[in-house]
Each structure stands twice: as structure tokens, then as C-alpha cells.
Amino acid sequence: MNAHTTKVALVTGANKGIGHSIAAGLGALGWSVGVGARDEARRDAAVARLQEAGADAFGVPLDVTDDHSVATAAELIAERGGGLDALVNNAGITGGGPQQPSTVDLALVRAVVETNVLGVIRVTNAMLPLLRRSSAPRIVNMSSTVGSLTRQSAPGGETSTGPVAVAYSPSKTFLNAVTVQYVRELAGTGILVNCACPGYVATDLNGFRGVRTPEQGAATAIRLATLPDGGPTGGFFEDAGVVPW
Ligand SMILES: NC(=O)c1ccc[n+]([C@@H]2O[C@H](COP(=O)([O-])OP(=O)(O)OC[C@H]3O[C@@H](n4cnc5c(N)ncnc54)[C@H](OP(=O)(O)O)[C@@H]3O)[C@@H](O)[C@H]2O)c1
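For the record, in the sequence shown the residue sitting at position 188 is 188 according to my numbering, with numbers rising by one throughout.
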């Protein structure tokens, strides 16, 4: 593949966990993958791991909460000469616990929304001009079934959608709602925008209590990042299919 035919992706929070596996998966498909990560040492180590595995990976300094960092990341990708074919907004935090609504620290809620929601808007808007240069642009927002109001309120929802978490779970509901607004604005542009849930994956995010591997968790996001033209947009997917909002 030459520089003009190689697909280019940016994965935020790609230094570890599910994001790292998404980057590895896209790299294995022959994509050039920008490893978005805020810490230089963790970013360099991740890029080295991916390159050792044969991927065309490059580091993208990126803190999704920082306007300047995000603008500089977009410049870095633009300077590589092409556009961007897929943006995977994967970076996310839980904010830690406890997150009982009646006692939560509002600073914690703000911090989670800043990363999980505003960070996605910030990064997406910086990357949209690059995505518009692609012949098949895709945006994947890493959500969670804990953001599904339908599942949260269904019988048994208290066991199937994790503990009460007034910052983390609603941040994913907010992200889902934001995604739908992008879908509406971008209708007819060819940019396909979807949400993914990776399942319960063993990562730092949950103290490695998850039951799935990062590779398994990456599968739906990779599928949505590589959708053919005419593929779905405005959906919320897990491995088993569509997740209700
Ligand atoms: N694990 C699960 O079971 C599960 C389930 C549903 C959804 N998800 C979602 O999947 C995504 C990935 O989670 P994970 O489980 O792989 O977690 P993880 O291992 O903790 O990785 C999170 C990634 O996000 C990065 N990040 C956090 N804040 C950032 C910021 N301000 N700027 C740039 N990068 C930032 C982290 O970078 P640092 O290393 O610098 O902190 C790390 O690379 C998240 O959106 C999460 O909500 C996970």
C-alpha cells in the first residue's frame, strides 16, 4: 500500500487497555494508526509494542481535556499529508468511587464529563476537517451498556449494569445522546458515527475485574471503524448486536 491508499486511524487512549487493542487490530489490518496518549513514556512504549508487532503506528500526544493538546494532535495528523479515515474516541475514566447520587462530589462528576463527553466533542471537532478528506470516514465513540437507560431501568438492571455510579454511567448516556446529534448533523456526508460497548473487559479501569480480554473488547470498535459504505450510522452496538439506548 502506498501513502495514498493506506487507511489512517486515530485511537484516543491507545497506550493501554481496549484502546491499545483497537490500535493493534487496525494495525494488523494494514492501517496506519495514531496512538493517542497523554503520557510520553506510556505513548512511546505503546508505539514500540505495536511496531514490534508489525503495525504502522505513530505517537500522537493527546490529552482529550486540553484544547491546545487536541489542536496540536490534529496538526500532527494533517502534517502527515493525508486525512483521517477513522476516529475512535476510546479514552475514558470512571472517576473512581463511591458515586452515590446523594453524596457524590460534584468535582468528580465534572471531571468524568470533561473526559468522557466534552473530550469526545473536543477531539471530534478538531478531527472533522481531516475526516472530511476521507472517502469513507468513520467515527466510533466508546460507550458502555451502563449508559443504556433501557438496561438500567429494566428488571435486573441493578445487577446487569453495574453499581450505582452517578458520574460514570450518565456520562456514557450523555455520550450516546451527543453521538445522535452528530449523526443528525452529519447525515448525508458519508461519515458513519456509532457507539460501541466492549463488554466487561479486564483493564485498569475496573482493577482488572472484567471477564473479557482487551482483544475481545476491541472487536466491535474495530468493526465499526472499518464499516463498508452503506453501513449503519447512529447505532449502539456490542458483540451480540444492537444495544438499546
Ligand atoms: N473495561 C471495561 O469493562 C469497559 C466497559 C465499557 C466501556 N469501557 C470504555 O472503554 C474505554 C477504554 O477503557 P479501558 O477499560 O481500556 O480503560 P483503561 O485501561 O483505563 O484505559 C483508558 C485509556 O484512556 C486514557 N485516558 C484517560 N483520560 C485521558 C485523557 N484526559 N486524555 C487522553 N487519554 C486519556 C488512559 O490514558 P492514561 O494511561 O494516561 O491514564 C488510557 O489510555 C473507556 O471509554 C471506557 O469507559 C470499558
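Quick reminder that beta carbons are idealized off the backbone N, C-alpha and C, glycines included.
What is the residue span of the beta strand (DSSP E) that residue i lies within?
{"i": "S32", "result": "S32 to A37"}
{"i": "G25", "result": "That residue, G25, is in no beta strand (DSSP E); its alpha helix (DSSP H) goes G17 to A28."}
{"i": "R138", "result": "R138 to M142"}
{"i": "S237", "result": "First, the amino acid is wrong: residue 237 is Phe here, not Ser. F237 -> beta strand (DSSP E) spans F236 to E238."}
{"i": "T12", "result": "V8 to T12"}
{"i": "L192", "result": "L192 to A196"}
{"i": "F174", "result": "Run containing F174: none in the beta strand (DSSP E); it sits in the alpha helix (DSSP H), Y168 to E185."}
{"i": "V60", "result": "D56 to P61"}
Is the separation between the beta-carbon of residue i and that of residue j shorter than 9 Å?
{"i": "L10", "j": "R38", "result": "no"}
{"i": "V33", "j": "A55", "result": "yes"}
{"i": "R151", "j": "P244", "result": "yes"}
{"i": "V35", "j": "G82", "result": "no"}
{"i": "V104", "j": "V146", "result": "no"}
{"i": "V263", "j": "G95", "result": "Absent from the model: residue 263. The displayed extent of the chain is 1 to 245, so no value can be given."}
{"i": "A177", "j": "I18", "result": "no"}
{"i": "S153", "j": "G162", "result": "no"}
{"i": "A73", "j": "V123", "result": "yes"}
{"i": "R132", "j": "I191", "result": "yes"}
Excluding the 5 residues flanking residue i on each side, which residues of the same chain have their C-beta closer than 6 Å to its C-beta?
{"i": "N15", "result": "A37, R42, R43 and A46"}
Tell me which same chain residues have a C-beta within less than 8 Å of the C-beta of residue i, skipping the five on either side of it?
{"i": "G27", "result": "V33, L50, A53, G54, A55, D56 and A57"}
Below 7 Å CB to CB, which residues in the same chain sit around residue i once its five sequence neighbours on both sides are set aside?
{"i": "A225", "result": "A9, L26, A86, V88, R138 and V140"}
{"i": "N2", "result": "In this prediction, N2 scores a pLDDT of 41, lower than 50, which makes its location untrustworthy; the coordinate-derived value is nonetheless stated afterwards. None."}
{"i": "C92", "result": "In the sequence as displayed, the identity of residue 92 is Gly instead of Cys. Closer than 7 Å at the Cβ level, and outside the excluded window around G92, lie G13, T115, N116 and M142."}
{"i": "L186", "result": "V193"}
On the DSSP letters alone, give me the boundaries of the alpha helix (DSSP H) that residue i sits inside.
{"i": "A48", "result": "E40 to E52"}
{"i": "A78", "result": "D67 to E79"}
{"i": "T220", "result": "P214 to A225"}
{"i": "L205", "result": "That residue, L205, is in no alpha helix (DSSP H); it is neither H nor E in DSSP."}
{"i": "T5", "result": "No alpha helix (DSSP H) contains T5, which DSSP labels as neither H nor E."}
{"i": "R151", "result": "L149 to S153"}
Going along the chain, which unbroken runs of the beta strand (DSSP E) with 3 or more residues stay wholly within the region 82 to 118?
Annotation note: the region 82 to 118 contains the following uninterrupted beta strand (DSSP E) runs of length 3 or greater, listed N- to C-terminal: 86 to 89.
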